[in-house]
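**Student:**
2 protein chains.
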Amino acid sequence: MNFKRDLGIGIFDSGFGGLTVMRQVMDLLPNENIYYLGDTARLPYGNKSPDTILRYSIENAIFLLDKNIKALVVACNTATAYSLDRLQQIFNIPIIGVIEPGAEEAAKISTNGNIAVLGTRGTIDSQVYHQALLKLIPNVNYHGQICPLLVHLVEENMVDHPITNMALNEYLQFLKHSTIDTIVLGCTHFPLLQNAIQQIAGDKIQLVNSANACANKLKSVLEENKLLTLRTILGTQKYFISDDIKKFSHLGKAFLGLPIKNIEHFGNHF
Amino acid sequence: MNFKRDLGIGIFDSGFGGLTVMRQVMDLLPNENIYYLGDTARLPYGNKSPDTILRYSIENAIFLLDKNIKALVVACNTATAYSLDRLQQIFNIPIIGVIEPGAEEAAKISTNGNIAVLGTRGTIDSQVYHQALLKLIPNVNYHGQICPLLVHLVEENMVDHPITNMALNEYLQFLKHSTIDTIVLGCTHFPLLQNAIQQIAGDKIQLVNSANACANKLKSVLEENKLLTLRTILGTQKYFISDDIKKFSHLGKAFLGLPIKNIEHFGNHF
Numbered sequence: 001m002n003f004k005r006d007l008g009i010g011i012f013d014s015g016f017g018g019l020t021v022m023r024q025v026m027d028l029l030p031n032e033n034i035y036y037l038g039d040t041a042r043l044p045y046g047n048k049s050p051d052t053i054l055r056y057s058i059e060n061a062i063f064l065l066d067k068n069i070k071a072l073v074v075a076c077n078t079a080t081a082y083s084l085d086r087l088q089q090i091f092n093i094p095i096i097g098v099i100e101p102g103a104e105e106a107a108k109i110s111t112n113g114n115i116a117v118l119g120t121r122g123t124i125d126s127q128v129y130h131q132a133l134l135k136l137i138p139n140v141n142y143h144g145q146i147c148p149l150l151v152h153l154v155e156e157n158m159v160d161h162p163i164t165n166m167a168l169n170e171y172l173q174f175l176k177h178s179t180i181d182t183i184v185l186g187c188t189h190f191p192l193l194q195n196a197i198q199q200i201a202g203d204k205i206q207l208v209n210s211a212n213a214c215a216n217k218l219k220s221v222l223e224e225n226k227l228l229t230l231r232t233i234l235g236t237q238k239y240f241i242s243d244d245i246k247k248f249s250h251l252g253k254a255f256l257g258l259p260i261k262n263i264e265h266f267g268n269h270f
Numbered sequence: 271m272n273f274k275r276d277l278g279i280g281i282f283d284s285g286f287g288g289l290t291v292m293r294q295v296m297d298l299l300p301n302e303n304i305y306y307l308g309d310t311a312r313l314p315y316g317n318k319s320p321d322t323i324l325r326y327s328i329e330n331a332i333f334l335l336d337k338n339i340k341a342l343v344v345a346c347n348t349a350t351a352y353s354l355d356r357l358q359q360i361f362n363i364p365i366i367g368v369i370e371p372g373a374e375e376a377a378k379i380s381t382n383g384n385i386a387v388l389g390t391r392g393t394i395d396s397q398v399y400h401q402a403l404l405k406l407i408p409n410v411n412y413h414g415q416i417c418p419l420l421v422h423l424v425e426e427n428m429v430d431h432p433i434t435n436m437a438l439n440e441y442l443q444f445l446k447h448s449t450i451d452t453i454v455l456g457c458t459h460f461p462l463l464q465n466a467i468q469q470i471a472g473d474k475i476q477l478v479n480s481a482n483a484c485a486n487k488l489k490s491v492l493e494e495n496k497l498l499t500l501r502t503i504l505g506t507q508k509y510f511i512s513d514d515i516k517k518f519s520h521l522g523k524a525f526l527g528l529p530i531k532n533i534e535h536f537g538n539h540f
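In the order they appear, the protein sequences are chains S and W. Quick note on the numbering used here: the first sequence kicks off at 1 and runs consecutively. Quick note on the numbering used here: the second sequence kicks off at 271 and runs consecutively.
1. Can you list the residues of chain S that residue 436/W reaches, using a CB-CB cut of under 8 Å?
2. Please list, in chain order, all residues of the same chain as residue 72/S whose beta carbon is under 8 Å from its beta carbon, the five residues on each side excluded.
3. Contact check, residue 319/W vs residue 351/W under 8 Å by CB: the rounded distance?
4. Thinking just about the alpha-carbon of each residue, which of 378/W, 440/W, 460/W, 453/W is nearest to the one in residue 429/W?
5. So which residues on chain W does residue 253/S lean against when the C-beta distance must stay under 9 Å?
6. Could you give the first and the last residue of the continuous beta strand (DSSP E) run that contains residue 206/S?
7. Which one of 447/W, 419/W, 452/W, 379/W has the shortest CA to CA distance from residue 412/W?
8. Between 515/W, 529/W, 530/W, which lies nearest to residue 310/W when the distance is taken from Cα to Cα?
9. What residue range does the beta strand (DSSP E) around residue 411/W cover?
10. Measuring only the C-alpha atoms, how far is residue 270/S from residue 537/W?
11. Going straight from the alpha carbon of residue 201/S to that of residue 254/S, what length do you get?
12. By a C-beta neighbour count over all protein chains shown, 10 Å radius and 16 as the cutoff for buried, is residue 240/S buried or exposed?
13. Alpha carbon to alpha carbon, how far is residue 529/W from residue 177/S?
14. What is the residue span of the beta strand (DSSP E) that residue 452/W lies within?
15. Report yes if the CB atom of residue 544/W is closer than 8 Å to the CB atom of residue 414/W, and no otherwise.
16. In the DSSP assignment, find the unbroken beta strand (DSSP E) run with residue 330/W in it and report its ends.
17. According to DSSP, simplified to helix, strand and coil, what is residue 375/W?
18. What would DSSP say about residue 252/S, mapped onto helix, strand or coil?
19. Does residue 237/S pass the burial test, meaning 16 or more other C-beta atoms within 10 Å, or should it be called exposed?
20. Going straight from the alpha carbon of residue 218/S to that of residue 488/W, what length do you get?
21. For residue 149/S, go through chain W and note every residue whose CB falls closer than 7 Å to its CB, in chain order.
22. Does residue 270/S come out as helix, strand or coil in the three-state DSSP assignment?
23. Is the Cβ-Cβ distance between residue 287/W and residue 458/W less than 8 Å?
24. Measuring alpha carbon to alpha carbon, tell me which of 149/S, 32/S, 130/S ends up nearest residue 427/W.
25. Please identify the residue among 243/S, 70/S, 131/S whose C-alpha is closest to the C-alpha of residue 224/S.
26. Under a three-way DSSP split, which group does residue 472/W fall into?
27. I think residue 114/S touches residue 180/S, with their Cβ atoms under 8 Å apart; what is that distance to the nearest whole Å?
28. Out of curiosity, what's the CA-to-CA distance linking residue 153/S and residue 423/W?
29. Taking buried to mean at least 16 other C-beta atoms within 10 Å of its own C-beta, is residue 504/W buried or exposed?
30. For residue 112/S, which residues from the same chain have a beta carbon less than 7 Å from its beta carbon, with the 5 sequence-adjacent residues on both sides left out?
31. Which residues does DSSP pair with residue 114/S in a beta bridge?
32. Determine, using beta carbons only, whether residue 590/W comes closer than 8 Å to chain S.
33. Give a yes or no on whether the C-beta atoms belonging to residue 379/W and residue 476/W are separated by under 8 Å.
34. Under 8 Å between the Cβ atoms of residue 215/S and residue 25/S?
35. Identify whether residue 3/S lies in helix, strand or coil by the three-state DSSP scheme.
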């Protein structure tokens with residue numbers, strides 16, 4: 001009997017965006033226990049340097065490993081870009097990011113190999129999506145689009161605001177006269193803008209939500225490693241948040257699509 | 271002889287905004303040595319909770335006190351709102367914030383006592399400006415305006431972008447049919463938007479830049495305490511930055527209005 005099957009899954013993000021991944025994991029693996037770390041006291045990650053993001057990611061991973069987890073999900077594109085390789089070298093459990101699953105999904109559904117990725121400055125500058133796509137489609141036609149305001153607009157509850165529409169129109173200008181047929185939402189905040197993006201991009205363009213792809217990847221990795229729980233009761237969720245719990249509970253609901261309970265503050269660790 | 275006169279002045283901020291205060295202090299007290307701490311790895315402060323801001327402020331103050339300073343400037347409105355009183359209780363040197371000097375200046379120049387303050391969510395929610403103004407003008411007509419996007423727009427170098435104009439027009443709508451004659455720029459990022467704000471507000475409204483007021487206050491506090499340096503040579507500046515030095519040097523130039531040299535990274539302290 002493999003006692004590890006009954007350990008939890010750790011998920012971390014700079015704050016809110018990772019909840020879109022959390023939701024997919026909850027839906028796909030309802031019997032698993034999940035620990036979510038949202039580093040809201042230090043958000044955002046997307047405009048900070050590789051060294052700082054790596055330091056934060058290692059600290060977050062250690063915090064979650066201390067909860068005795070069987071697998072770790074880096075549910076933030078910027079943290080995946082700058083820390084996934086190093087985390088996999090350091091720690092001895094399966095660690096899954098959001099970039100590779102998103103790239104694989106895009107490569108699968110694109111019919112002409114012309115693929116764009118929307119992301120933070122950190123994610124796009126890292127070129128990690130580009131490299132992942134090149135491995136899958138050697139002659140990929142790649143466009144990386146930095147969208148620095150979108151995270152703030154989503155976190156300010158401005159999804160339907162004219163300023164968000166103006167920003168999206170500017171960021172999606174590259175679509176004019178382009179042959180792009182697939183866009184990866186390369187930031188875990190962007191699924192909340194999926195409808196607005198689809199409307200500007202038009203029906204012919206397919207959007208890839210890395211959160212789905214990441215949850216599928218987690219499931220198959222757990223299967224391969226015989227780590228899926230055999231329990232048939234619903235799993236539990238626990239949230240560890242470094243800034244205000246009330247704000248997390250309030251804003252987080254829009255990301256998770258469910259009320260959030262069982263939140264604990266942590267702060268003196270860092 | 272008072273050896274303390276030759277110690278430095280400490281200034282801290284979440285990152286870039288405090289440089290507008292730094293510049294005023296450099297111009298007014300050119301012979302003083304200044305240590306500037308920019309906590310860029312954890313910015314912004316404006317949308318985080320009082321407890322987190324207090325913790326960060328105490329850590330920043332301890333870091334600067336370790337440089338042996340004779341006075342400390344909290345060059346961030348949100349940090350002033352949530353930590354100034356506590357810092358003054360804990361530490362045994364003069365500590366100056368940006369709110370009281372800004373409120374005093376506004377009370378001085380307003381002819382009708384109708385005063386608005388633009389700030390982050392943290393600063394406005396704290397009501398610290400309102401309270402400071404009430405002490406000076408008991409029947410003040412106060413309007414606090416939360417402007418959550420402006421910090422991001424300034425940090426993304428979008429001062430002249432149509433989105434910034436759209437955001438400012440929305441935030442300044444309260445001026446329609448109002449009798450406000452004075453607006454306090456209650457965030458150290460906002461002096462970079464001074465021209466744009468003045469254009470929308472019109473010539474009849476006076477803007478208060480807390481950075482000037484804060485530097486004047488610092489000078490008078492140093493005078494009262496016989497702490498002004500007697501040296502007649504130019505002082506030195508040193509910057510301690512928790513995220514990437516290059517980005518700070520590049521973006522910081524727009525805030526300081528001068529090239530920034532002598533930057534050191536710190537990061538393992540927190």
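Idealized CB from N, CA, C, for every residue including glycine.
**Tutor:** The relevant details are as follows:
1. Within chain S, the residues near residue 436/W are 162, 163, 166.
2. 9, 10, 11, 12, 61, 64, 65, 87, 91, 93, 94, 95, 96
3. Between residue 319/W and residue 351/W a beta carbon distance of about 12 Å is seen, past the 8 Å cut, so the two are scored as non-contacting.
4. Considering only alpha carbons, the answer is 460/W.
5. Near residue 253/S there are no residues of chain W at all, since even the closest Cβ is about 17 Å away, more than 9 Å.
6. 206-209
7. 452/W
8. 515/W
9. 411-416
10. Note on residue 270/S: pLDDT 46, under 50, position unreliable in the model; the coordinate value appears next. Cα-Cα distance, rounded: 11 Å.
11. 23 Å
12. buried
13. 41 Å
14. 452-455
15. An answer regarding residue 544/W cannot be provided, because it is not within the stretch 271 to 540 covered by chain W.
16. First-last for residue 330/W: 320-335, but that is the alpha helix (DSSP H), not the beta strand (DSSP E).
17. Residue state, collapsed to three classes: helix.
18. helix
19. buried
20. 56 Å
21. 422, 426
22. Because the pLDDT of residue 270/S is 46, which lies under 50, any placement of that residue in the model is unreliable, and the question is left without a value.
23. In this structure, residue 458/W lies closer than 8 Å to residue 287/W by Cβ.
24. 149/S
25. 70/S
26. Residue 472/W: coil per DSSP, three-state reduction.
27. 5 Å
28. Residue 153/S and residue 423/W: Cα-Cα distance of roughly 11 Å.
29. exposed
30. Around residue 112/S, the same chain offers 179, 181 as residues with beta carbons nearer than 7 Å, after the five sequence neighbours per side are excluded.
31. 141/S
32. This structure cannot speak to residue 590/W, because chain W is shown only from 271 to 540.
33. If you check the CB distance, residue 379/W and residue 476/W come in under 8 Å.
34. yes
35. In the three-state DSSP reduction, residue 3/S falls in the helix class (H, G or I).
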